[in-house]
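See below for the structure under consideration.
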Amino acid sequence: MATSLTTFTDEALIAFDTLAERATGLFSPTLRLGVTGLSRAGKTVFISAFVHNLIHGGRLPLFEAQKSGRIARAFLEEQPDDAVPRFQYEDHIGALVDDRVWPDSTRAISELRLTIEYESASAWGRLLSSGRLSVDIVDYPGEWLLDLPLLGKSYAEFSHEAFELVHLPVREELSAEWRELAATVDASAPADETLARRLAEVFAGYLRACKQDQRALSTLPPGRFLMPGDLDGSPALTFAPLPKLAGDRGRPGSLHAMMERRYEAYKTHVIKPFFREHVARLDRQIVLIDALQALNAGPDALVDLERALTEILSCFRPGRGNLLSDLFSHRIGRILIAATKADHLHHESHDRLQAIVRRLADRAIARANFSGADVDVLAMAAVRATREGTVKQGRETLPVIIGTPLKGETIGNETFDGETETAVFPGDLPEKPGAVFAPPKERAKVMDDPLIRFVRFRPPRIERTSEGVSLSLPHIRLDRALQFLVGDRLA
Ligand code: GDP
Numbered sequence: 001m002a003t004s005l006t007t008f009t010d011e012a013l014i015a016f017d018t019l020a021e022r023a024t025g026l027f028s029p030t031l032r033l034g035v036t037g038l039s040r041a042g043k044t045v046f047i048s049a050f051v052h053n054l055i056h057g058g059r060l061p062l063f064e065a066q067k068s069g070r071i072a073r074a075f076l077e078e079q080p081d082d083a084v085p086r087f088q089y090e091d092h093i094g095a096l097v098d099d100r101v102w103p104d105s106t107r108a109i110s111e112l113r114l115t116i117e118y119e120s121a122s123a124w125g126r127l128l129s130s131g132r133l134s135v136d137i138v139d140y141p142g143e144w145l146l147d148l149p150l151l152g153k154s155y156a157e158f159s160h161e162a163f164e165l166v167h168l169p170v171r172e173e174l175s176a177e178w179r180e181l182a183a184t185v186d187a188s189a190p191a192d193e194t195l196a197r198r199l200a201e202v203f204a205g206y207l208r209a210c211k212q213d214q215r216a217l218s219t220l221p222p223g224r225f226l227m228p229g230d231l232d233g234s235p236a237l238t239f240a241p242l243p244k245l246a247g248d249r250g251r252p253g254s255l256h257a258m259m260e261r262r263y264e265a266y267k268t269h270v271i272k273p274f275f276r277e278h279v280a281r282l283d284r285q286i287v288l289i290d291a292l293q294a295l296n297a298g299p300d301a302l303v304d305l306e307r308a309l310t311e312i313l314s315c316f317r318p319g320r321g322n323l324l325s326d327l328f329s330h331r332i333g334r335i336l337i338a339a340t341k342a343d344h345l346h347h348e349s350h351d352r353l354q355a356i357v358r359r360l361a362d363r364a365i366a367r368a369n370f371s372g373a374d375v376d377v378l379a380m381a382a383v384r385a386t387r388e389g390t391v392k393q394g395r396e397t398l399p400v401i402i403g404t405p406l407k408g409e410t411i412g413n414e415t416f417d418g419e420t421e422t423a424v425f426p427g428d429l430p431e432k433p434g435a436v437f438a439p440p441k442e443r444a445k446v447m448d449d450p451l452i453r454f455v456r457f458r459p460p461r462i463e464r465t466s467e468g469v470s471l472s473l474p475h476i477r478l479d480r481a482l483q484f485l486v487g488d489r490l491a
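According to my numbering, the sequence shown is numbered sequentially starting from 1.
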């Protein structure tokens, strides 16, 4: 009896706490939404379209609060963190809408506060909620997340693994200069700043070459070597792995000791604060992936994307065995894994793309041993640069997409001027998602490579009303993303 009474009292207290929390949060309920993904995945375009559609009351039939007319207004407010750069929304929208060029991509962390005034759907909600939600959108490079595993590795382990990777078949040629230079280095020789800089530069060059390679290799820590943010040139970034280390620790004064100290400084001053101050405070997260690029680049690139996704998901995994648990206890409740740029495909392939992303995500979730958050997947286009049509070829009617290819893009021997519209038959994705994961020989039997005819289009021309007001940016399934990421908080 006594226990059940205690239990009862505890529960009552908990309920009271929650109510009290709601009451104190009345004036400023906030939701911190992280937007990440490897470079060029579409973060900047996504955030710009997200905000533009909310502010301008875009067509969002699957975003319930908007559809039912409960959103009174959405507007930008000053962001809460003074030390974080602001996401340059106005510049990005200016580029997209006025100049019809894609905005500058994410290079470092930035933040934007969007406040939504709404009417709750339920009577209780109207009584208890303030009818305001501030969404703090935090944009950061996915490359930085890939650094988390380094927290659990010594410099010797990091070096050892880095030299194992350079011999993987796809990396061997890209790492040639780096391997040649590293072979001439004696780790136990006295520390030398010029040599350290040269090693760091050539190592970073090799990582960048992997990233830019057609085969689209994505998993390459240290992340700041690819996306330095404001740390370019600082000592914490002037290190590199060294071959054939004599022991775990370098002799004082040696190159080994110098590199080791910088590696540890990178962990302490770069990786940890980033996770503690930013990742640890997120409530929701969207992870954007460029699945189309990986699909076109072939099975190796898909394996690599899956590995990157596994590592990214591991960062959000709560509980024991996670390097982050000692840094924070706060949990991310919802994660959306979204393949953007679906406007490069005819709508018949949108569900197929989504099925492939589902397969990728399931495999990554299983490998990361991930549980404890709601994970969903989506194929979308934050900004839809194309429309659909059909072209008759002989007796066949082909589904096509129509858009304005960027200046300099080519199809066959035609080079585009950036002004002319054209129809492209993009190709289909396979009906069964498993086909794209099959080994190269099997894959060749069931599909053509490259899978999709991929042309980069200019952003769309935005229609204006008769009063000259520009309408919101067109999209594909952006409303589904909004519903999953913030919909329940506007219920
Ligand atoms: P970030 O590095 O993740 O910030 O990537 P961006 O948002 O800058 O996107 C990189 C590039 O991908 C853009 O310059 C566009 O060319 C393309 N892109 C991104 N999102 C879309 C989209 O929704 N539709 C189309 N057609 N292209 C997109």
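Ideal Cβ placement from N, Cα and C applies to all residues, glycine included.
Which residues DSSP lists as bridging residue i, in chain order
i    : result
F457 : P405
G34  : V138 and Q285
A379 : A339
S110 : D139
A74  : I116
A492 : Not covered by the structure: residue 492. The range shown for the chain is 1 to 491.
V391 : L398
I411 : E414
I476 : A381
T422 : G403
P190 : S254
D374 : R334
R86  : E111
L181 : BP columns for L181 are empty, so no partner.
R249 : DSSP output for R249 lists no bridge partner at all.
Buried versus exposed, by CB contacts within 10 Å (16 or more), residue i
i    : result
S122 : exposed
G25  : The predicted model places G25 with a pLDDT of 49, which falls under 50 and marks its position as unreliable; any figure quoted below should be read in that light. Counting Cβ neighbours within 10 Å, G25 comes out exposed, since fewer than 16 surround it.
A491 : exposed
K244 : exposed
E21  : Low confidence applies to E21: its pLDDT is 46, below 50, so where it sits in the model is not reliable enough to give any reading.
A176 : exposed
E111 : buried
G58  : buried
E164 : exposed
I411 : exposed
L255 : buried
L31  : buried
L166 : Checking the sequence shown, residue 166 turns out to be Val, not Leu. Burial call: buried.
Residue closest to residue i, alpha-carbon to alpha-carbon, out of the options
i    : options                   : result
A361 : S349, V375, R334 and D351 : V375
V369 : T310, L237, P29 and V455  : For the record, residue 369 in the displayed sequence is Asn; it is not Val. Nearest option by C-alpha distance: T310.
A423 : S129, T404, K432 and Q354 : T404
D248 : Y155, G233 and E111       : Y155
T340 : E161, L31, G34 and G42    : G42
H492 : N413, D81, V45 and N53    : Nothing can be reported for residue 492: it is not among the residues displayed for the chain, which extend from 1 to 491.
H56  : T30, T268, L305 and V97   : V97
I335 : P85, K441 and R317        : R317
A257 : K272, A240, V270 and H269 : A240
A338 : D104, L255, G37 and L378  : L378
P235 : A200, L282 and T415       : A200
E157 : G487, Y263 and G427       : Y263
I93  : L471, T194 and R477       : L471
D283 : V270, G372 and H160       : G372
R40  : I332, G142 and P440       : G142
R307 : R363, A72, A183 and R261  : R363
Beta-carbon proximity of residue i to residue j, cut-off 8 angstroms
i    : j    : result
A49  : L485 : no
A385 : H475 : no
G418 : V400 : no
R107 : G253 : no
A355 : M380 : no
R458 : L406 : yes
F87  : D479 : no
L242 : M259 : yes
H347 : I452 : no
R456 : E409 : yes
Y89  : V45  : no
L33  : V138 : yes
K272 : L150 : no
V35  : I286 : yes
L60  : A74  : no
L482 : L429 : no
G487 : A72  : no
_Measuring CB atoms only, is the region 219-238 touching the region 134-153, in the sense that at least three cross pairs come out at less than 8 angstroms?_
yes
*Taking 8 angstroms as the threshold, find out whether the region 297-309 comes into contact with the region 436-443 through three or more Cβ pairs.*
yes
*Do the region 130-138 and the region 111-118 touch if we need at least three Cβ pairs shorter than 8 angstroms?*
yes
*asked:* Does the region 187-194 come into contact with the region 282-291, if we say contact requires no fewer than three beta-carbon pairs (one atom in each stretch) closer than 8 angstroms?
replied: no
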